[in-house]
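Encoded as structure tokens, the structure appears first; notes follow it.
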Amino acid sequence: MHLAYPAVLAALLFCTGLYGVLARRNAILVLMSVELMLNAVNLNLVAFDVWLRDALHAGQALTLFTIAIAAAEIGIGLAIVLLVYRNRGSSDVDRLRDLAETPGPDGGTEGAAATPQTTADKAEAAA
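Per my numbering, residue 64 is the first one in the sequence shown, and the count goes up by one each step.
This is the structure:
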């Protein structure tokens, strides 16, 4: 078997996944594109393992490790996407920027770490 065939297929898969990560706005499609990229890497690992005729089959062992990591990544990623969709009503990646903390007037960040202000504190600050 020539090494060029699986290498070209892996390059096409990786480029398709990269395009999906860069061009898509839906978080689930971005996760699917990341999986395509990981599968392209797995294909390269197995192809080079067969081509080099490694006695330990390190490429195949690393592929199994990568598949386990990808399974954990997709499980955690889907859980996060479902929670964001449940709270926001959309899984649009561009809208996730609203989750970032904004710098406060004192240079720190507002949010969970800042002390909460009561209505009287807000009225006093406005006056």
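Beta carbons are placed, not taken as given, at the ideal position from N, Cα and C, and that holds for glycine.
**Q.** Residues near MET100 in its chain [Cβ-Cβ closer than 8 Å; skip 5 each side]
**A.** LEU76, PHE77, GLY80, LEU81, VAL84
Q. Would you call ASN105 buried or exposed, if buried means 16 or more other Cβ atoms sit within 10 Å of its Cβ?
A. buried
Q | Endpoints, alpha helix (DSSP H) assigned at ASP112 | A | 90-115
Q) Which same chain residues, not among the five before or five after ARG160, have their C-beta less than 6 Å away from its C-beta? A) none
Q. Taking the alpha-carbon positions, what's the VAL109 to THR126 distance?
A. 7 Å
Q) To which residues of the same chain is LEU218 closer than 8 Å at the C-beta, ignoring the five residues directly before and after it? A) Not covered by the structure: residue 218. The range shown for the chain is 64 to 190.
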